[in-house]
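Presented below is the structure to which this report refers.
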Amino acid sequence: MTIRTLHTVHRGDGFHWVGDGFYVTQLLPASPELQRLTDPFLLMDYNPVKEYPPTTTPRGVGVHPHRGFETVTMAFEGAVAHHDSTGAGGVIRPGDVQWMTAASGILHKEYHDPEWAARGGRFHMMQLWVNLPAAHKMDAPGYQPLTAESMGKVKLDDGGVVTLVAGELDDVRGPARTVTPISLWDVQLGADESADLAVPDGHTLMTFVLDGELTTSTGTIGREEMGIFNREGDRLQVTAGEVGARFLVLGGKPIDEPVVFYGPFVMNTMEEIREAMVDFNNGKFGTLV
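Sequential numbering of the sequence shown, starting at 1, is according to UniProt numbering.
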């Protein structure tokens with residue numbers, strides 16, 4: 001058994017609006033020298049708790065394209081509606097996750113669910129972009145609506161609970177189907193409780209603290225901070241502070257391929273980016289009103 005060591009602690013740099021419905025701080029992409037340790041995770045936007053007044057005009061992001069990766073949206077409070085050019089759609093509420101595979105190309109829009117928006121209230125979300133390897137960037141797009149009831153659950157010896165969206169822990173699996181090995185867990189610990197979690201040696205490993213504070217053998221991770229771990233080791237050991245902690249575990253097998261970002265497209269070469277723009281302009285991503 002080898003315990004993972006903390007490489008660095010990372011915070012978002014300020015806040016910005018995505019559309020008019022998502023007020024986020026961006027945790028990923030990290031600095032270029034850290035991107036090797038965050039592969040295959042490309043982007044993470046975190047929308048902390050924000051109060052919205054009632055409205056009959058739901059806020060959000062209009063129709064836009066993606067190619068070459070997957071988006072993963074987690075709902076903690078509030079409700080988000082989604083529609084895309086494959087015909088998929090739905091609403092995610094607290095505890096739900098939407099896992100959209102853009103792959104060869106998709107159009108989608110996301111906005112506050114009209115029923116929720118009419119009442120207003122607290123809104124709290126997170127979105128990840130997860131890279132796809134070159135061999136799967138041109139797969140057919142798809143959509144997985146994952147309900148809170150479908151998530152895997154593991155009770156820890158010290159009293160905490162792990163909710164599994166993707167990946168496996170103690171022979172329990174999360175419901176998400178992933179192209180490459182991915183772990184996405186939501187962990188809750190009580191005051192001064194500890195977690196000793198099995199993780200694959202050599203995989204990327206990060207923790208994002210939603211609430212409270214975590215202590216590791218090599219450092220402390222505070223609220224709304226991302227702990228990025230070195231890849232060596234097969235155990236993640238953390239302890240919550242005096243008010244407990246809620247945190248996400250993000251893990252995955254590194255893809256280790258060139259990454260070219262251009263707005264909503266993530267490919268391996270600039271030529272592929274140019275092809276994506278031509279295909280989008282020629283209507284090859286489908287239609288969505």
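Just so it is clear, CB atoms sit at the ideal spot from N, CA and C, and this is done for glycine as well.
For clarity, every value in this text was computed on a predicted model and none was experimentally measured.
Uninterrupted beta strand (DSSP E) stretches at least 3 residues long and entirely within the stretch 10-92 occur at 16-18, 22-28, 41-52, 60-66, 69-77, 80-84, 89-92, given in chain order.
Pairing V278 with G105, the inter-Cα distance amounts to about 12 Å.
The beta-bridge partner set that DSSP reports for K109 consists of H83. The continuous stretches of alpha helix (DSSP H) do not include E232, and DSSP gives it neither H nor E. DSSP, read as helix, strand or coil, puts H203 in coil. Non-local beta-carbon contacts of A166 in its own chain, meaning distances under 7 Å to residues more than five positions away in sequence, involve G174, A176, T178, I182, S183, L184 in chain order. Residue burial is scored here from C-beta neighbours: K153 has fewer than 16 other C-beta atoms within 10 angstroms and is therefore classed as exposed. The closest CA to that of D211, considering only D171, A140, Q188, is found on Q188. The count of Cβ pairs closer than 8 Å, one atom from the stretch 46-65 and one from the stretch 8-23, reaches three, so the stretches are in contact.
Around the CB of T73, 16 or more other CB atoms lie within 10 Å, so the residue is classed as buried. Per DSSP, the continuous beta strand (DSSP E) segment holding P145 begins and ends at 142-146. At the C-beta level, S85 and G286 come within 8 Å of one another. By the criterion of at least three beta-carbon pairs nearer than 8 Å, the stretch 246-258 is in contact with the stretch 128-140.
Check the Cα spacing between V259 and each of T38, T8, L27: the tightest is with T38. Here the C-alpha atom of E115 lies approximately 12 Å from the C-alpha atom of R93.
DSSP, read as helix, strand or coil, puts S150 in helix. Contact annotation, V199 with D234: C-beta distance approximately 6 Å; criterion of less than 8 Å satisfied.
If you check the CB distance, R67 and A240 do not come in under 8 Å. In this structure, the straight-line span from the alpha carbon of G219 to that of L6 is close to 7 Å. The DSSP-derived three-state label of A102 is coil. Residue pairing by DSSP places S194 opposite T239 in a beta bridge. Taking D139 as the centre and dropping the five residues before and after it, the same chain places the C-beta of T101, A103, S104, L132, V179 closer than 8 Å to its C-beta, in chain order. DSSP places I273 in the helix class (H, G or I) of the three-state scheme. Per DSSP, R4 lies in no alpha helix (DSSP H) segment and is marked neither H nor E.
One Cα belongs to D13, the other to E224, and the distance between them is close to 11 Å. For A166, DSSP records a beta bridge to L184.
Residue state for R177 is assigned as coil, using DSSP reduced to three classes.
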